[in-house]
Amino acid sequence: PPTKCIKCTTPTDYINLDETCSKICKTGKANIATMTCEECTIDGCGTCETIGKGEQCTKCDTKYIAADKHSCVDKCTSGKPVDTPIKKCDKCATENCDVCDKDDKCTKCNTKFNLVADTLKCVNKCSEGYMTDETTNKCIKCTVEGCATCEKVDECTACMAEYKLEGGKCNGTNAVFAIMAIVVMAILF
Numbered sequence: 031p032p033t034k035c036i037k038c039t040t041p042t043d044y045i046n047l048d049e050t051c052s053k054i055c056k057t058g059k060a061n062i063a064t065m066t067c068e069e070c071t072i073d074g075c076g077t078c079e080t081i082g083k084g085e086q087c088t089k090c091d092t093k094y095i096a097a098d099k100h101s102c103v104d105k106c107t108s109g110k111p112v113d114t115p116i117k118k119c120d121k122c123a124t125e126n127c128d129v130c131d132k133d134d135k136c137t138k139c140n141t142k143f144n145l146v147a148d149t150l151k152c153v154n155k156c157s158e159g160y161m162t163d164e165t166t167n168k169c170i171k172c173t174v175e176g177c178a179t180c181e182k183v184d185e186c187t188a189c190m191a192e193y194k195l196e197g198g199k200c201n202g203t204n205a206v207f208a209i210m211a212i213v214v215m216a217i218l219f
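Basically the working numbering = 1-based index in the sequence shown + 30.
Below, the structure written as structure tokens:
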């Protein structure tokens, strides 16, 4: 029968799963007590480490290390995909962003935050001139000029101060008449 390595010649080396010796485990996780490398329990994880009571993946065989480091995933459902030096789901640079692309463009915000469609920033409340799309949690710009709030992008429910709401549209008559009145008053008096 083939011989099995039970101790490395260098006492600080680990016995790898392939029975070779090295300073760090090529695959699996290091067991300091036995100076051996053990299989990772995370499916698809090539190298891992024990942190506290849990195991965290440090390199998946072919997939991405999930943001929580407890699984290997085909696609990042949280964070952004990074391919080098190790495939992993990294934290997004945009504040309160949960999912972003490789270029750090936010595609989904954390819970209780809305994604502003034209700036890709995460806000807890959509600003004036935007509507909240409850199904996608996105702030979408109202297309009606002078619109302060809308329930549909092309149907206004409230206008900005200088506009008047008429049938879902905002007419700038308030401002025009106010300016005309000031001009007429100035001429007459």
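For each residue, glycine too, the CB sits at the ideal point set by N, CA and C.
Under a Cβ-count criterion, where at least 16 other Cβ atoms within 10 Å of its own Cβ denotes burial, should G197 be classed as buried or exposed?
exposed
Looking only at C-alpha atoms, which of C122, I36, C67, Y160 sits nearest to E185?
Y160
Going along the chain, which unbroken runs of the beta strand (DSSP E) with 3 or more residues stay wholly within the stretch 117-167?
118-120, 127-130, 136-139, 144-146, 160-163
When you compare the CB of Y193 with every CB in chain B, is at least one pair closer than 8 angstroms?
Checking the listed chains, one finds no chain B in this structure; it contains a single protein chain.
Assign G82 to buried or exposed, taking buried as 16 or more other Cβ atoms, counted over all protein chains shown, within 10 Å of its Cβ.
exposed
Is the beta carbon of A188 less than 8 angstroms from the beta carbon of K168?
No, these two residues do not count as a Cβ contact at 8 angstroms.
Among D104, E164, K121, T64, whose alpha-carbon lies nearest the alpha-carbon of C75?
D104
Measure how close the beta-carbons of K110 and D120 come, nearest whole angstrom, since I'm counting them as under 8 angstroms.
5 angstroms
My guess is that T162 and N140 are in contact by the Cβ rule of under 8 angstroms, so how many angstroms apart are they, rounded?
With a Cβ gap of about 15 angstroms, T162 and N140 do not count as contacting.
With a threshold of 16 other CB atoms inside 10 Å of the CB of D73, please say whether the residue is buried or exposed.
exposed
Note down, in chain order, each residue of its chain lying with its Cβ closer than 8 angstroms to the Cβ of T50, except the 5 sequence neighbours on either side.
C35, K56
Roughly how far, in whole angstroms, is the beta-carbon of C70 from the beta-carbon of Y44, given that I think they are within contact range, below 8 angstroms?
Incorrect: roughly 14 angstroms between the Cβ atoms, too far for contact.
Can you tell me which of the three DSSP states I217 falls into?
helix
Whole angstroms are fine: how far does the CA of T165 sit from the CA of E79?
39 angstroms
Ignore the nearest five residues each way along the sequence and tell me which others in N154's own chain have a CB closer than 7 angstroms to its CB.
K142, F143
With distance defined between alpha-carbon atoms, name the residue in K89, C156, K37, S108 nearest to K138.
S108
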